[in-house]
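Trainee: There's a structure below that I have some questions on.
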Amino acid sequence: MSQGKKPQLPPSTDIELDHSYRANTEKWFEYPIVVHPHHTDYGGIVWHGNYIAWMEEARVECLQSIGIDYAHLVELGYELPVVEVNIRYHRSLKMGDRAIVKTRVNDLEGVRIHWDYEITAWRGNITYVTGKVTLVGIDREKGKIMRQLPPVLKDALIKL
406 MSQGKKPQLP PSTDIELDHS YRANTEKWFE YPIVVHPHHT DYGGIVWHGN
456 YIAWMEEARV ECLQSIGIDY AHLVELGYEL PVVEVNIRYH RSLKMGDRAI
506 VKTRVNDLEG VRIHWDYEIT AWRGNITYVT GKVTLVGIDR EKGKIMRQLP
556 PVLKDALIKL
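Residue numbering for the sequence shown follows this note's numbering, starting at 406 and increasing by one per position.
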């Protein structure tokens, strides 16, 4: 290297990202739950649909934690309906159990937002449910899929 010349890094636009590691390295948002009697069947086992409700609650709270109030988003004329759900049940939660619903944005693909989920024991190393949910941005007034996410939403999601 010649004297006086400092090594230079390539511009950030030249750096290739390996998205295969993305979901494994980003932080989870954690939402605690307690299984109450109304969540269960007669045998004290959680009804399968409650897992989906808890996943949605965690997602809405995650958005709230980054400054996106879902009710305000709807008031502005946007919705983010679920267009795809994939759930894997590993073990049943039972009445009285405490668990953590963990969620994170896995990827933004145009107007599609892909979320990952894990429902795990409050303490210990037990996984009850894993899942993936895809949302899509909808313009409520037109009743159609948006061409792009509103900047306020996209910018906030990128922070995740």
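For every residue, glycine included, the Cβ atom is placed at its ideal position computed from N, Cα and C.
All of these numbers come straight from a predicted model, not from anything done at the bench.
#1: Provide the residue span of the alpha helix (DSSP H) that contains Arg503, from first to last.
#2: DSSP state of Arg493, grouped into three classes?
#3: Closest to Lys432 by CA distance: which of Val440, Trp452, Glu462, Thr508 is it?
#4: For Ile505, tell me which candidate among Tyr522, Gly515, Val490 has the shortest Cα-Cα distance.
#5: Kindly indicate which three-state DSSP category Val557 falls into: helix, strand or coil?
#6: Once DSSP output is grouped into helix, strand and coil, what is the label at Pro486?
#7: With a cut-off of 8 angstroms, do at least 3 Cβ pairs link the region 471-491 to the region 534-552?
#8: Taking contact to mean 3 or more Cβ pairs, one atom from each stretch, closer than 8 angstroms, check whether the region 461-481 and the region 527-534 are in contact.
#9: Alpha carbon to alpha carbon, how far is Ile563 from Pro437?
#10: Let's test the definition: count the other Cβ atoms within 10 Å of the Cβ of His444 and tell me whether it reaches 16, buried, or not, exposed.
#11: Going by DSSP, what residue range makes up the beta strand (DSSP E) through Glu435?
#12: In angstroms, rounded to a whole number, what distance separates the CA positions of Leu554 and Leu565?
#13: Taking Ile524 as the reference, which of Val465, Tyr494, Gly501 has the closest Cα?
#14: List the residues that DSSP assigns as beta-bridge partners of Leu498.
Mentor: With the structure as the only source:
#1: Under the DSSP assignment, Arg503 falls outside any alpha helix (DSSP H), being part of the beta strand (DSSP E) whose first and last residues are 503-514.
#2: The three-state secondary structure of Arg493, taken from DSSP, is strand.
#3: Nearest C-alpha to Lys432: Thr508.
#4: Of Tyr522, Gly515, Val490, the residue nearest in Cα terms is Tyr522.
#5: Correct three-state label for Val557: helix.
#6: Looking at Pro486 - three-state DSSP - the assignment turns out to be coil, as it is neither helix nor strand.
#7: Segments in contact, yes.
#8: These segments do not touch.
#9: Cα to Cα, Ile563 sits roughly 24 angstroms from Pro437.
#10: In the assembly as shown, His444 is a buried residue. Its beta-carbon has 16 or more other beta-carbons within 10 Å.
#11: Per DSSP, the unbroken beta strand (DSSP E) holding Glu435 starts and ends at 434-439.
#12: Their backbone Cα atoms lie some 15 angstroms apart in a straight line.
#13: Taking only the C-alpha atoms, the option nearest Ile524 is Tyr494.
#14: According to DSSP, which records beta bridges pairwise, Leu498 is partnered with nothing at all.
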